[in-house]
Amino acid sequence: MHAAEQALVPRLEAAVVAAFGAEYGGWDPQLRAATRPEFGHFQTNLPLRLAKSTALPAPRVAERLLAQLRVDDLCLPPALGGQGFINLTLRPEFLAAQVNALLSDDLLGVRPAAPSQRIVVDFSSPNVAKQMHVGHLRSTIIGDTLARVLSFVGHDVVRRNHVGDWGTQFGMLIEQLLDEGGDDGDLDLPALDALYRRARTRFDGDPAFADRARARVVALQAGDGQTVGVWRRMVAVSLAGFDAMYARLGVRLTRADVAGESSYHDDLPRVVADLTEAGLLTRSEGALCAFLPGFTNRDGAPLPLIVRKADGGFGYDATDLAAIRHRIDTLGADRLVYVVDVRQSLHFDQVFALASAAGWLPTRVAAQHVGFGMVLGEDGKPFKTRSGDTVSLASLLDAAEAKAAALLDERGSTLTGPARSATARAIGVGAVKYADLAGGIGRDYVFALDRLVALAGNTGPYLQYAHARLASLLDRSGGVPGRVTMLDHAAEQRLALLLTGFPGAVESVAATLEPHRLCGYLYQVATALSVFYEECPVLRASGDVRASRLALCLAARRVLATGLDLLGITALERM
RNA sequence: GUCCCGGUAGCUCAGCGGAGAGAGCGCCUGGCUACGAACCAGGAGGCCGCAGGUUCGAAUCCUGCCCGGGACACCA
Numbered sequence: 002m003h004a005a006e007q008a009l010v011p012r013l014e015a016a017v018v019a020a021f022g023a024e025y026g027g028w029d030p031q032l033r034a035a036t037r038p039e040f041g042h043f044q045t046n047l048p049l050r051l052a053k054s055t056a057l058p059a060p061r062v063a064e065r066l067l068a069q070l071r072v073d074d075l076c077l078p079p080a081l082g083g084q085g086f087i088n089l090t091l092r093p094e095f096l097a098a099q100v101n102a103l104l105s106d107d108l109l110g111v112r113p114a115a116p117s118q119r120i121v122v123d124f125s126s127p128n129v130a131k132q133m134h135v136g137h138l139r140s141t142i143i144g145d146t147l148a149r150v151l152s153f154v155g156h157d158v159v160r161r162n163h164v165g166d167w168g169t170q171f172g173m174l175i176e177q178l179l180d181e182g183g184d185d186g187d188l189d190l191p192a193l194d195a196l197y198r199r200a201r202t203r204f205d206g207d208p209a210f211a212d213r214a215r216a217r218v219v220a221l222q223a224g225d226g227q228t229v230g231v232w233r234r235m236v237a238v239s240l241a242g243f244d245a246m247y248a249r250l251g252v253r254l255t256r257a258d259v260a261g262e263s264s265y266h267d268d269l270p271r272v273v274a275d276l277t278e279a280g281l282l283t284r285s286e287g288a289l290c291a292f293l294p295g296f297t298n299r300d301g302a303p304l305p306l307i308v309r310k311a312d313g314g315f316g317y318d319a320t321d322l323a324a325i326r327h328r329i330d331t332l333g334a335d336r337l338v339y340v341v342d343v344r345q346s347l348h349f350d351q352v353f354a355l356a357s358a359a360g361w362l363p364t365r366v367a368a369q370h371v372g373f374g375m376v377l378g379e380d381g382k383p384f385k386t387r388s389g390d391t392v393s394l395a396s397l398l399d400a401a402e403a404k405a406a407a408l409l410d411e412r413g414s415t416l417t418g419p420a421r422s423a424t425a426r427a428i429g430v431g432a433v434k435y436a437d438l439a440g441g442i443g444r445d446y447v448f449a450l451d452r453l454v455a456l457a458g459n460t461g462p463y464l465q466y467a468h469a470r471l472a473s474l475l476d477r478s479g480g481v482p483g484r485v486t487m488l489d490h491a492a493e494q495r496l497a498l499l500l501t502g503f504p505g506a507v508e509s510v511a512a513t514l515e516p517h518r519l520c521g522y523l524y525q526v527a528t529a530l531s532v533f534y535e536e537c538p539v540l541r542a543s544g545d546v547r548a549s550r551l552a553l554c555l556a557a558r559r560v561l562a563t564g565l566d567l568l569g570i571t572a573l574e575r576m
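Numbers given in our numbering equal positions in the first sequence, counted from 1, plus 1.
Written out as structure tokens, the structure reads:
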């Protein structure tokens, strides 16, 4: 909640009780940011909502509330809006105090979550032996941001990278490698990716090979020495490739966060045994299935969740069930967050339902699937290369960085050499990440490079620019800013009010798992800064005005830097 | 067929019970002897998919329908 709201809400609640009696205790004032500047800073619609139960017209309600409202220390005299709103304008000195409080607080006003939860965030989860591609972009970026935000507000976040290291594809991969007589010591991730494509083609066209591939899966899962050895090296090569990509993206995922599907393998027979004992499994068409109430297939028949396949193998249903149990019982999770493609929502509905039925997912533990939409090309179809292949993440970032470098030149950036290329990388990656985070995550978005890397409008580069400009200004000031002591100008007040809204913005992301709220907030701060610069000279001012404005700039810089960091975007000093 | 998402300015999207529905891009008019104009000030541009309903009040909640996307048994 906005720091000022914390102070105002109790006053409003008290006024309601004083005016209309104790039975009106607990009415939420629904204090909101004013919808228009002339309405001040905050508004409440209490008179409108109280009109009915008090049987008084809204203006009469408002009069009685105003007579009881004691906010003189915080606000200018409250005003009655024509439609039945009460409008509140903070006193400049109160606003200044709020900004100063933010300046002396590492959390910038965010109050640590109480109680702090242990939250497991499952994200990224690429497949071994495949280069990361657009399909992994959103999970990786959104998951990293959510992990950062949840951690910032005081939760104990455990990151889990549920890499696909145990699927049936390994049969054909290993079989293909052995067939080709290749040396797995020479493999890197692109070579593995190419091997995968050759194996896939052969698997689809050569039944004999397909049979051998399936047998190879059995050998792998049975622990055959040679097979497992090849598999291990494939995994190692892949993880090294992923690490490089995470470093490039600035995503905080390490080997310690990797808990691949294979890590649950030994537990799967026990999952089956326990579910069987609980009477939750039925054999159907050779597979062990759970038929849960409320799930039907396209024919209206009961829809199974397949815990063990007819061939005795396990799919992701079983793995995810084992993972839930592990995360709650062993990791001590209070909450589970899955940042996975929205198309898997039915899967998660089923898995959560079965885990609940089995008693593995108690009601005190919230399990949430944060389903994100697809990345589309400019033709509105799933993003592909001209030849129809999936777009590798590396090539996509290459293009974004090249675009950023070109724009630096175009803008006459004075940066040269390594600083220039590092900045271009930060802008390119930041632009891609911001585009991924700035819209509602549930919907698809169109990957239009020209728009993402545009340095104007609601983009990552624009926020980076706003930060760089502040950094530059503060450097030139040549001193250590003190405190905000005056906020006489409307542009100063507007900026100060926005800055004190930082905790509310971050807390709303933590509550809703919707990062675009933070993006929108930071964008508002950046635009308010532009107006502020236009109307309020800082370095050219003198004395207390200059000092106060510098402090305001410092607060803005900290808000932008912290906000960008939560989004996983580099806050640049120069551009 | 069932279920889940979407449908808001020309385009990309916010807003999801309360005051003339907002932003960016694009378009038009002004503004740089620069604390970084990657900007600012202003303007044009909307039956908020359609129809009912609930409410003092609906883009927002409910119902039905239309359009688009997605999911729906052994890939993950």
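Think of the CB as a built atom: it goes at the ideal place given N, C-alpha and C, for glycine as much as any other residue.
Given a cut-off of 9 Å, decide if residue j and residue i are closer than it, judged by their beta-carbon atoms.
i, j, result
"A556", "L49", "no"
"I325", "V371", "no"
"L32", "E6", "yes"
"A506", "L523", "yes"
"Q177", "R199", "yes"
"C554", "P482", "yes"
"G172", "R215", "yes"
"V447", "E515", "no"
"H348", "D318", "yes"
"L398", "L250", "yes"
"A469", "L453", "no"
"Q494", "H42", "yes"
"A274", "H327", "no"
Could you give the DSSP three-state label for residue i: helix, strand or coil?
i, result
"Q369", "strand"
"V447", "strand"
"R559", "helix"
"K131", "coil"
"L81", "strand"
"A66", "The sequence shown places Leu at residue 66, not Ala. In the structure shown, L66 sits in a helix (DSSP, three-state: H, G or I)."
"D180", "helix"
"S543", "coil"
"P462", "helix"
"G313", "coil"
First and last residue of the alpha helix (DSSP H) that includes residue i?
i, result
"R336", "Premise fails: R336 lies in the beta strand (DSSP E), 336 to 342, not in any alpha helix (DSSP H)."
"P191", "190 to 206"
"V229", "226 to 250"
"V352", "346 to 358"
"L500", "491 to 500"
"S285", "S285 -> not in any alpha helix (DSSP H); beta strand (DSSP E) instead, spanning 283 to 285."
"R518", "517 to 536"
"N101", "93 to 104"
"V272", "269 to 278"
"V10", "4 to 21"
"V507", "503 to 513"
"R412", "From DSSP, R412 is part of no alpha helix (DSSP H); its letter is neither H nor E."
Would you kindly work out how many angstroms separate the C-alpha atoms of residue i and residue j, rounded to a whole number?
i, j, result
"L498", "L96", "7 Å"
"R559", "A552", "11 Å"
"P578", "S357", "Here the chain has residues from 2 to 576 only, and residue 578 is not among them."
"V532", "N459", "16 Å"
"V376", "R547", "46 Å"
"N577", "T501", "The structure shown has nothing for residue 577, since the chain only spans 2 to 576."
"A562", "T486", "23 Å"
"R365", "L293", "21 Å"
"F315", "E14", "57 Å"
"H266", "D166", "11 Å"
"S422", "A288", "55 Å"
"S414", "G569", "24 Å"
How would you write the range of the beta strand (DSSP E) that residue i sits in, first residue to last?
i, result
"F292", "288 to 297"
"T45", "43 to 45"
"T36", "Counting along the chain, T36 falls outside any beta strand (DSSP E), and DSSP gives it neither H nor E."
"I307", "303 to 309"
"L89", "87 to 89"
"D157", "157 to 161"
Cβ-heavy atom distance between residue i and the ligand GDP below 8 Å?
i, result
"F296", "Within the structure as shown, the ligand GDP is missing, as the structure has no ligands at all."
Measuring CB atoms only, is the segment 301 to 314 touching the segment 323 to 337, in the sense that at least three cross pairs come out at less than 8 Å?
no
At least 3 beta-carbon pairs within less than 8 Å: the segment 129 to 149 vs the segment 238 to 251
yes
Quick check: the segment 136 to 152 against the segment 188 to 196, are at least 3 beta-carbon pairs closer than 8 Å?
no
Does the count of Cβ pairs from the segment 104 to 119 and the segment 74 to 93 closer than 8 Å reach three?
no
With three or more beta-carbon pairs closer than 8 Å as the criterion, would you say the segment 155 to 170 touches the segment 117 to 126?
yes
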